[in-house]
Amino acid sequence: MVGDWNDIVTNEEKRGGVRRSLSSFVGFQEFIMNMEMQEVAQMGSFFTWGNNRAGDGYVEERLDKIYVSVEWLTKFPNMEALNFYRTASDHNVILFYTDKELGKRHKRFQFSSSWAGMEGYMRQ
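All letters in the sequence shown, in the order written, are residues 4 to 127 by my numbering.
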(Lines of atoms letter the chains of each structure in order from A; the text may use other names.)
(Lines give C-alpha, C1' and ligand atoms only; values in the text may rest on other atoms or scores of the structure.)
Protein backbone atom coordinates (compact mmCIF):
# COMPACT_ATOMS: atom_id res chain seq x y z
CA MET A 4 0.00 0.00 0.00
CA VAL A 5 1.52 3.25 -1.15
CA GLY A 6 0.46 6.75 -0.36
CA ASP A 7 0.16 9.85 1.72
CA TRP A 8 -0.86 8.37 5.06
CA ASN A 9 -1.34 11.83 6.57
CA ASP A 10 0.06 10.49 9.84
CA ILE A 11 3.38 9.59 11.43
CA VAL A 12 4.34 6.81 13.85
CA THR A 13 6.85 8.71 16.05
CA ASN A 14 8.04 12.26 16.68
CA GLU A 15 11.26 11.36 14.85
CA GLU A 16 9.20 11.51 11.65
CA LYS A 17 8.57 15.23 12.20
CA ARG A 18 10.85 18.26 12.19
CA GLY A 19 9.54 21.61 13.40
CA GLY A 20 6.21 22.53 14.91
CA VAL A 21 4.72 21.17 18.13
CA ARG A 22 5.76 17.70 19.26
CA ARG A 23 2.91 15.21 19.51
CA SER A 24 2.02 13.16 22.57
CA LEU A 25 3.05 9.50 22.45
CA SER A 26 -0.59 8.43 22.79
CA SER A 27 -1.44 10.23 19.53
CA PHE A 28 0.59 7.65 17.59
CA VAL A 29 -1.15 4.55 18.96
CA GLY A 30 -4.00 4.37 16.43
CA PHE A 31 -1.75 4.41 13.36
CA GLN A 32 0.81 2.08 14.96
CA GLU A 33 -1.95 -0.43 15.80
CA PHE A 34 -3.36 -0.21 12.27
CA ILE A 35 0.05 -1.08 10.78
CA MET A 36 0.54 -3.90 13.28
CA ASN A 37 -2.97 -5.34 12.74
CA MET A 38 -2.51 -5.26 8.96
CA GLU A 39 0.84 -7.06 9.46
CA MET A 40 2.60 -4.56 7.21
CA GLN A 41 6.23 -3.51 7.09
CA GLU A 42 7.53 -0.24 5.74
CA VAL A 43 9.75 -0.37 2.66
CA ALA A 44 12.96 1.58 3.29
CA GLN A 45 13.35 4.68 1.12
CA MET A 46 16.60 5.98 -0.28
CA GLY A 47 16.93 9.76 -0.41
CA SER A 48 15.35 12.51 1.64
CA PHE A 49 13.97 11.28 4.98
CA PHE A 50 11.03 13.68 5.12
CA THR A 51 8.42 13.44 2.36
CA TRP A 52 6.22 16.47 3.02
CA GLY A 53 6.83 20.12 3.89
CA ASN A 54 4.39 22.92 4.64
CA ASN A 55 6.17 25.42 2.32
CA ARG A 56 6.57 28.01 5.08
CA ALA A 57 9.78 29.76 6.02
CA GLY A 58 11.65 30.18 9.29
CA ASP A 59 10.15 29.03 12.59
CA GLY A 60 6.86 28.05 10.91
CA TYR A 61 8.53 25.42 8.70
CA VAL A 62 7.45 21.82 9.35
CA GLU A 63 8.53 18.60 7.60
CA GLU A 64 7.05 15.14 8.12
CA ARG A 65 7.48 11.64 6.74
CA LEU A 66 3.88 11.17 5.55
CA ASP A 67 4.40 9.29 2.28
CA LYS A 68 5.30 5.66 2.81
CA ILE A 69 5.12 2.24 1.24
CA TYR A 70 3.86 -0.63 3.38
CA VAL A 71 3.93 -4.25 2.22
CA SER A 72 3.04 -7.64 3.63
CA VAL A 73 5.60 -10.29 4.57
CA GLU A 74 4.38 -12.20 1.48
CA TRP A 75 5.36 -9.23 -0.71
CA LEU A 76 8.78 -9.07 0.95
CA THR A 77 9.26 -12.74 0.10
CA LYS A 78 8.07 -12.34 -3.52
CA PHE A 79 10.05 -9.16 -4.17
CA PRO A 80 13.20 -9.25 -1.99
CA ASN A 81 14.94 -6.70 -4.24
CA MET A 82 12.31 -3.97 -4.04
CA GLU A 83 13.49 -0.41 -3.58
CA ALA A 84 11.93 3.01 -3.08
CA LEU A 85 13.66 6.23 -4.11
CA ASN A 86 12.49 9.44 -2.47
CA PHE A 87 13.17 12.59 -4.52
CA TYR A 88 13.07 16.02 -2.89
CA ARG A 89 9.94 18.00 -3.72
CA THR A 90 10.01 20.79 -6.27
CA ALA A 91 6.53 21.91 -7.32
CA SER A 92 4.41 20.09 -4.72
CA ASP A 93 4.46 19.97 -0.93
CA HIS A 94 5.07 16.19 -1.23
CA ASN A 95 8.14 14.39 -2.53
CA VAL A 96 8.03 12.09 -5.53
CA ILE A 97 8.60 8.44 -4.60
CA LEU A 98 9.71 6.00 -7.27
CA PHE A 99 9.07 2.37 -6.37
CA TYR A 100 10.73 -0.62 -8.03
CA THR A 101 9.78 -4.22 -7.30
CA ASP A 102 13.28 -5.11 -8.49
CA LYS A 103 15.97 -2.52 -7.78
CA GLU A 104 18.00 -3.78 -10.74
CA LEU A 105 15.34 -2.25 -13.02
CA GLY A 106 16.09 1.14 -11.51
CA LYS A 107 19.82 0.88 -12.17
CA ARG A 108 19.58 1.24 -15.91
CA HIS A 109 21.77 4.14 -16.84
CA LYS A 110 19.82 6.83 -18.56
CA ARG A 111 21.19 10.06 -19.91
CA PHE A 112 20.55 12.92 -17.51
CA GLN A 113 19.43 16.22 -19.00
CA PHE A 114 19.48 19.35 -16.86
CA SER A 115 16.77 21.92 -17.42
CA SER A 116 17.90 25.45 -16.58
CA SER A 117 14.34 26.24 -15.44
CA TRP A 118 14.91 23.99 -12.39
CA ALA A 119 17.52 26.40 -11.02
CA GLY A 120 14.87 29.11 -10.77
CA MET A 121 12.48 27.03 -8.65
CA GLU A 122 12.17 27.94 -5.00
CA GLY A 123 14.06 25.46 -2.81
CA TYR A 124 16.05 23.96 -5.70
CA MET A 125 19.43 24.43 -3.99
CA ARG A 126 18.18 23.38 -0.55
CA GLN A 127 19.59 19.85 -0.72
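Think of the CB as a built atom: it goes at the ideal place given N, C-alpha and C, for glycine as much as any other residue.
Short Cβ contact (8 Å threshold) for residue i with residue j
| i | j | result |
| --- | --- | --- |
| Glu-16 | Glu-64 | yes |
| Met-4 | Met-36 | no |
| Thr-51 | Asn-14 | no |
| Asp-7 | Asn-55 | no |
| Gln-45 | Ala-91 | no |
| Tyr-70 | Met-82 | no |
| Ser-115 | Tyr-88 | no |
| Gly-30 | Tyr-61 | no |
| Asp-67 | Ile-97 | yes |
| Val-12 | Phe-28 | yes |
First and last residue of the uninterrupted beta strand (DSSP E) at residue i
| i | result |
| --- | --- |
| Gln-45 | 45-47 |
| Val-5 | 5-7 |
Which residues DSSP lists as bridging residue i, in chain order
| i | result |
| --- | --- |
| Lys-78 | Bridge partners of Lys-78: none, in fact. |
| Gly-60 | Paired residues: none, contrary to the question. |
Interface flag, residue i vs chain C, CB-CB below 8 Å
| i | result |
| --- | --- |
| Leu-85 | The displayed structure is made up of one protein chain only, and chain C is not part of it. |
Residue i: first and last residue of the uninterrupted alpha helix (DSSP H) it sits in
| i | result |
| --- | --- |
| Ile-35 | 29-37 |
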